[in-house]
Each structure stands twice: as structure tokens, then as C-alpha cells.
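Numbering (the working numbering) for the sequence shown: 10 to 103. Don't be surprised by glycine CBs; every beta carbon is placed ideally from N, CA and C.
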Amino acid sequence: MLILSRKLDESIMIGDDVVIKVVAVHEGSVKLGIEAPKTVRILRTELYEETEKSNVQAAAVPKSTAVEAARRLGKSAPAPGVSTAVQPKEKGRS
10 MLILSRKLDE SIMIGDDVVI KVVAVHEGSV KLGIEAPKTV RILRTELYEE
60 TEKSNVQAAA VPKSTAVEAA RRLGKSAPAP GVSTAVQPKE KGRS
């Protein structure tokens, strides 16, 4: 882990296109500004961990439970192996 000291309005670069700047320091709290391409996902660690935990829990739900939930919501679940992709209409047919 690299540890740096920065003062107000100082910044650091990560790679060629990510800049992290100290924009405020107040009573033990530091506000950082992050400039990065839109393709770079930026999350607070606690949100990343919460999302990861939710994904693991969702993946552990049996398929039958998901099918039953869809049925109760009035949606039909596709049969196993059946594609749900919408097929384009042929020209001249309605």
C-alpha cells in the first residue's frame, strides 16, 4: 500500500487518466474529488461490499424460488432452454 500526505488542493494521479484531489479538510474528515473516465467504476468500499454480499445471496436462491416469485408477480418464467429473445418480424408481415 502506498501512503501519501496531501494538503488541501493537492492531488495524485492514478495511471494517465485518474486524478484524486483533496477538496476539503474539516474536523477529521477529508473530502476527495475524483476525475476519471466514465468507464471507470468508482464506489465507496462499503457499497461495493454490500453489493457483493447481495449478489452472493441472490445467486444462492434456488431457481424454483425465483420461478415461484415470478409466478406470484403475474409473470411467466421461461421454460429451461427456451430463448426469451425477441425475434424480428419478417418484412411484409404484420
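Within 7 Å (strictly less), CB to CB, does residue i reach chain C?
i: L82; result: The structure shown contains no chain C, having only a single protein chain.
Would DSSP call residue i helix, strand or coil?
i: V65; result: helix
i: K72; result: helix
i: A33; result: strand
i: S103; result: Since pLDDT at S103 reaches only 46, below the 50 mark, its modelled position is unreliable, and the value read off the structure follows with that caveat. Here S103 sits in coil by DSSP.
Quick check on residue i: buried or exposed, where buried means 16 or more other Cβ atoms within 10 Å of its Cβ?
i: D18; result: exposed
Going by C-alpha distance, which of the options is nearest residue i?
i: S20; options: T60, G42 and R81; result: G42
i: H35; options: K16, S63, E58 and E55; result: K16
i: E44; options: E61, A67 and I23; result: I23
Got a sec, what are the start and stop residues for the beta strand (DSSP E) residue i sits in?
i: K40; result: S38 to E44
i: S20; result: S20 to I23
Since residue i contacts residue j with CB under 8 Å, what's their CB separation in whole angstroms?
i: V32; j: K40; result: 5 Å
i: D26; j: P46; result: 6 Å
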